[in-house]
Amino acid sequence: MTTMKYKTFYETGDRYIGPSTLYRFYKRQKLEEDEPAILQHQPEQAELAMQQHQAEDDIVMQQIPDNYDYDVLSGNYDYLIRNEDSLPDNDVSNSNNEDNENTGDADYDAMMMENQRKLLELMLEAENDVFKSKPNKYHENMKSFIDSEEFAEKISTAANRSRGEMFLMILTYSVKHKLSFTALHDLFKLCNAFFEEPVLPDSRYALDKLIGDQKNKTAKFYAICQECGDYLGDFEDIDKKKEICDNCKAPVQLKNTSDRSYFVFIDPTNELSDLMQSQETYYNYVMNERVTEPNVLKDVYDDAVARAPLQGIKQFNGTFGCNWCLHPGVSIGGSKRYIVRTVQMRNSDETITDMMSATPINPINGIKYASPCILLPHFNIISGFIPDYCLEGVASQITEYYLQSLVEKGIDVKIMDELINKISVPHQIGRLTRSLSCRDDWKAREWENFVLYISVPLYYQVKLKGTFLQHWLLFVESLYIILKANITLQELEKADEMLHLFVAKTEELFHPPSMTFNVHQLTHLCRQVSNWGPVWCYSTFPFESGNRGILQAIKCAKGETHQIVRYLNIIHKTRVLKNAVFQNSPIMFQWLHERIFSNTYKKSLKIADNTYVGASKQCLDKDLLIALNMSLTNTKIFSTMIRKHCLFASSKKPNRRSNNSFALLEDEEFVQIEQFIVDCETDNEYILCKKLHLRSDRKICQQIKRVNYIDNNVELVETKKIKTICVYVKIGDNQYICPVPNDLHY
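Yeah, the sequence shown ends on 1391 if you go by our numbering, and it's all consecutive.
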């Protein structure tokens, strides 16, 4: 990076360029212009050249206006006006229109923040360039490094970080890389070894006092008897010398919590407080947008097993075990099955009346006792509970029936594995579906992706029986509808009709033993979508990655619970420390901290809602640039873009199992993206793409389209016309395209 960028900022009146910054980079520019060879290869003479330019540097400092007294390196967030001439022309301070005034202030603040962000990026790039331009004291191999004078030379560079900043960096590093407590302890000792005397705590006891939760116990341990399950009390309050259970007289071990005779309760209060403070803007937006009623609890999220005792109703494998209707169920092969029949829906008033008389010995309509939830004001004991997103259970069950029929026809599962392994999907669908041979280990999201995008093309290719295929399409299309971000009433009614037909066809094709509770729940799903929104609103898919992070905190087989609790404490203390350190630390430290420990791209260009990442190339097609009225010198070509949290990439950037190049436009046309073209001066954005021509002779279902061919001609489309990412599937000679139902990454 050259100093010319800073000169441009200064000449355009950017008030964020402070005198110390200008001084440093003007001095650097003088040296680069006059003695480039000296600077690179003769550092001692370069220092003399610096001194010779001191007089000229004084002239530069005199040319800086007096009102330029803002120093970015000081970390001051002062937004006082330093340069009146650099203000926008549309000054709204004297406007009588309050709305316009607020809008102008917001635009001005946004412009100031963007200017500061760009300047910080420039300064970081500049510091990196300055570092690279210094003579390299390291060598090409270890031997030359050991033989050099610098190898044994004492380092005299002063540390420019406070203890709090160092402590924060170490904790953040440990959280990012899931270090064990022993590794964290060793890391503190390693950092202290670089100083003449310790600057950070490096004993396990001191670290545990700082990182642990000694005052406000986040986690509490409660002792129980492993034989009878009798509750023995809070681990801190009970008698540790107790050796037998008072209830069943079984031996118990309460001397330490490494034994399994206890359970742990983790108070989420601190975590929720941290999230609300760190995401204050987003939290306020959500809470202001969501329609709520004070002191009214409307919905409860749980699964089938937890729902029954909370609602006071028998479990799904009992008589009248459905939570939303009075289906008695039928015992088939020792299991409860819900065959198709007309039944009465449960309602809140009648359910509460039955609760007043029901007992576990004499249940009424499956109700065993009064649920404590009926004490909640305005809470509906029936519709307040939401059905499971039973995708995994239904999809795996029906898939087994289909695969059995295919194997009987002589089609091996390994053949289908080969077809699936050749499919590349976009990053947006979250989890790549593994081969069918591994379906017992599939996560729920893998089943969702298989159902929505892969199953239909696959079943067409292997020629699944026609009645089975039509049956499956009912499930696929209805699932796609209830996963959309916006659902019309007509679409929801259509999905409800298809799900009821799917359930009826399941019994017809696979007989009553196939009518499990998961299949039965599909008949109630659209009613709950009408009440509570699309199923992604209350699915537990986002927790899968969180569980993975917690499991990574376990480093040994003993004391797993303690390791998880300590890991959560470290995360909490890292957030607390970050808030405290950032209040007094320089802006440059904050920027470096986020740049090192956050998953951000070092090379990026953000324009409105779009962020272009990775290295760019200069656009050399002058005829194209002239036709588009774009800059001939500052128009870049990118291969990757993030738009509305969704990744799009060029088709020229191949990946074996990933393909982010297909998109749906606002005019419902499908395209394959070739390149992104951006004018960095005017912020005009375009995509070079190829149009997909669809087949109209045979319709599969509403969302999955058959592709006839991809046009060879390249078209130019405005980037803002991209609607969503699409999944492109090629199996054999057939091509299919399907837009994702929503742009959420979960």
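Note that CB positions come from ideal geometry on N, CA and C, so glycine has one too.
For residue i versus residue j, is the C-beta distance shorter than 8 Å?
i: I1065; j: T1078; result: yes
i: L1222; j: L816; result: yes
i: L1309; j: P1384; result: yes
i: D1062; j: S1041; result: no
i: I1376; j: Q1106; result: yes
i: E1440; j: K1335; result: What is shown of the chain runs 646 to 1391, which leaves residue 1440 out entirely.
i: L1144; j: S1123; result: yes
i: F1234; j: M1286; result: no
i: V1372; j: I984; result: no
i: G1029; j: M1000; result: no
i: F961; j: P973; result: no
i: W969; j: H1207; result: no
i: N1214; j: I856; result: yes
i: L955; j: C893; result: no
i: N1255; j: H1072; result: no
i: L971; j: V950; result: no
i: C1346; j: V1096; result: no
i: F812; j: L845; result: yes
i: L1137; j: C1171; result: yes
i: V1352; j: I1252; result: no
i: W1117; j: S1100; result: yes
i: Q1173; j: I1026; result: no
i: Q1380; j: Y1125; result: no
i: Y1034; j: V1180; result: yes
i: F826; j: R1220; result: no
i: L1128; j: W1092; result: no
i: C890; j: E916; result: no
i: F1186; j: R1090; result: yes
Quick one: using the 10 Å Cβ neighbour count with 16 as the cut-off for buried, is residue i buried or exposed?
i: Y1098; result: buried
i: D1057; result: exposed
i: P1386; result: buried
i: K1297; result: exposed
i: Q707; result: Residue confidence for Q707 is low, a pLDDT of 45 falling below 50, so the modelled location carries little weight; the figure read from the coordinates is stated next. With fewer than 16 Cβ atoms within 10 Å of its Cβ, Q707 is classed as exposed.
i: H1290; result: exposed
i: R952; result: buried
i: I1043; result: buried
i: N1163; result: buried
i: H1156; result: exposed
i: G1178; result: exposed
i: K1013; result: buried
i: P1299; result: exposed
i: R1466; result: What is shown of the chain runs 646 to 1391, which leaves residue 1466 out entirely.
i: V820; result: buried
i: Q1166; result: buried
i: N1279; result: exposed
i: L1277; result: exposed
i: P1008; result: buried
i: Y876; result: exposed
i: L824; result: buried
Using DSSP's beta-bridge definition, name the partner residues of residue i.
i: T1280; result: D1324
i: P896; result: I889
i: Y876; result: I869
i: Y907; result: A868
i: V1226; result: For V1226, which the question treats as bridged, DSSP gives no partner whatsoever.
i: N1066; result: Answer by DSSP bridge pairing: none, since N1066 is not bridged.
i: L1292; result: I1287
i: V1258; result: S1249 and T1285
i: Q1115; result: Its beta-bridge partners do not exist; DSSP assigns none.
i: P1474; result: Residue 1474 cannot be examined here, being either before or after the span of the chain that is shown, 646 to 1391.
i: T1376; result: Just to set this straight, residue 1376 is Ile in the shown sequence, not Thr. Bridge partners of I1376: N1379.
i: I1126; result: I1126 pairs with nothing; no bridge assigned.
Hey, is residue i's beta-carbon within less than 8 Å of any beta-carbon in chain D?
i: N1305; result: The structure shown contains no chain D, having only a single protein chain.
Query raised in the report: Which residue spans inside the segment 1308-1368 form an unbroken alpha helix (DSSP H) run of at least 4?
Result: none
**Report entry** Segment contact flag, the segment 1006-1022 with the segment 1185-1199, C-beta cutoff 8 Å, min 3 pairs
**Finding:** no
Query raised in the report: Do the segment 782-797 and the segment 810-827 touch if we need at least three Cβ pairs shorter than 8 Å?
Result: no
Query raised in the report: Just checking, does the segment 1255-1263 make contact with the segment 829-848 on the three C-beta pairs under 8 Å criterion?
Result: No, because fewer than three Cβ pairs between the segment 1255-1263 and the segment 829-848 fall closer than 8 Å, the two stretches do not touch.
Query raised in the report: Are the segment 906-913 and the segment 862-879 touching by the rule of at least three beta carbon pairs closer than 8 Å?
Result: In short, these stretches touch, since the Cβ pair count reaches three.
Query - At least 3 beta-carbon pairs within less than 8 Å: the segment 1325-1334 vs the segment 1350-1362 - result: yes
Report task. Please specify which runs of the alpha helix (DSSP H), each continuous and at least 4 residues long, are wholly inside the segment 973-1016, giving them in chain order. Result -> 993-1002
Report task. Return the chain-ordered ranges of every alpha helix (DSSP H) run that is complete within the segment 1017-1044 and spans a minimum of 4 residues. Result -> none
Query raised in the report: Going along the chain, which unbroken runs of the alpha helix (DSSP H) with 4 or more residues stay wholly within the segment 788-854?
Result: If only uninterrupted alpha helix (DSSP H) runs of at least 4 residues are considered, those enclosed by the segment 788-854 are 808-821 and 826-837.
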